[in-house]
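K.L.:
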Amino acid sequence: RKQSLYQAGFMEGVFNDAVNRFGPVDILVNNAGTVRRGPAENLSVEDFEAVMQLNVTGVFAFARAFARHRIAAGGNGKIINIASLMSEVSRRNTAAYTASKGAVKMLTKNMACEWAQFNIQSNGIGPGFIQTDFTEPLWTDPEFDNWVKTRSPQGRWGQPEDIGRVAVFLASSASDYVNGQIIYADGGLLATM
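Per this note's numbering: the sequence shown = residues 41 to 233.
This is the structure:
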């Protein structure tokens with residue numbers, strides 16, 4: 041049976057290599073993600089597991105390596121996990137993605153519970169519909185583009201800098217007493233019915 045990269049300790053090796061090459065790391069942003077779209081009844085278990093492995097197991101593996109590094113250094117650090125609007129709500133054809141981002145939300149809360157004693161804050165950002173290469177199939181679809189613009193109180197797609205500003209806050213000392221939270225940068229979409 042083939043081992044995953046996570047079971048083989050590959051991710052921890054990548055993290056440790058970065059520390060050896062560039063020095064101590066005190067802020068970790070877990071920003072990898074993938075999606076496999078389609079009706080849940082047609083989604084293969086292999087596709088479901090592929091999404092969970094990158095979106096959840098990858099987050100855990102890097103955060104664990106980071107926490108071990110920071111604890112050994114005496115504590116202090118910031119973990120920023122990229123969750124999603126789908127950590128709270130769902131829509132059709134996103135079963136694996138929604139499950140994975142719900143898991144990221146709860147994993148972030150657990151990290152806060154476990155690592156606060158070491159002065160490591162673990163928080164997340166829940167982007168709404170952000171105009172990126174990843175979401176290009178959505179914002180280039182005129183019907184979906186219109187839905188986002190009419191559904192969001194701000195009437196527009198978010199931009200990467202909208203997420204970057206939240207990340208700067210969570211990485212700074214301004215967030216030292218913020219822990220276990222997901223900050224939704226969604227233009228107010230979750231606030232509306």
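All C-beta atoms in this analysis are idealised placements derived from N, C-alpha and C, irrespective of residue type, glycine included.
Roughly how many angstroms separate the alpha carbons of R41 and E52, rounded to a whole number?
P.N.:
Any reading at R41 must be qualified, since the residue scores a pLDDT of 45, below 50, and its modelled position is unreliable; the value itself is stated next. Each residue's Cα considered, the two are about 21 angstroms apart.
K.L.:
Under 8 angstroms, with one C-beta from each stretch per pair, do the stretch 61 to 71 and the stretch 121 to 128 reach the 3-pair mark?
P.N.:
yes
K.L.:
Where do the ends of the beta strand (DSSP E) carrying A225 lie?
P.N.:
I222 to A225
K.L.:
Considering only C-alpha positions, which residue in the set I170, K149, F169 and T172 is nearest to S162?
P.N.:
Taking only the C-alpha atoms, the option nearest S162 is K149.
K.L.:
Compute the Euclidean distance between the alpha carbons of P177 and S192, then round it to the nearest angstrom.
P.N.:
19 angstroms
K.L.:
Is P182 helix, strand or coil by DSSP?
P.N.:
helix
K.L.:
Look up N163 in the DSSP assignment and give the residues it is bridged to.
P.N.:
BP columns for N163 point to I120.
K.L.:
Is L229 helix, strand or coil when you go by DSSP?
P.N.:
helix
K.L.:
Cα-Cα, which of P182, I203 and D185 is closest to G166?
P.N.:
The shortest C-alpha separation from G166 is found at I203.
K.L.:
Out of curiosity, what's the CA-to-CA distance linking G78 and N133?
P.N.:
4 angstroms
K.L.:
Mind checking G227: buried by the 16 CB within 10 Å criterion, or exposed?
P.N.:
G227 is buried by the Cβ-count criterion.
K.L.:
Are G168 and L229 closer than 9 angstroms when you measure CB to CB?
P.N.:
Pairing G168 with L229 gives a Cβ-Cβ distance under 9 angstroms.
K.L.:
Do the CB positions of A225 and G198 come within less than 9 angstroms of each other?
P.N.:
yes
K.L.:
Is it buried or exposed, V54, if we count other Cβ atoms within 10 angstroms and call 16 or more buried?
P.N.:
exposed
K.L.:
Judging by CA-CA distance, which residue of A139, N159, W155 and G195 is the nearest neighbour of I170?
P.N.:
G195
K.L.:
Within a Cβ cutoff of 7 angstroms, which residues of the same chain sit near N9, ignoring the five residues on either side of it in sequence?
P.N.:
Only positions 41 to 233 of the chain appear in this structure, which leaves residue 9 out of reach.
K.L.:
Output needed for N219: all residues of its chain with C-beta closer than 7 angstroms, excluding positions within five of it in sequence on either side, in chain order.
P.N.:
A152, A156, Q161, S162 and N163
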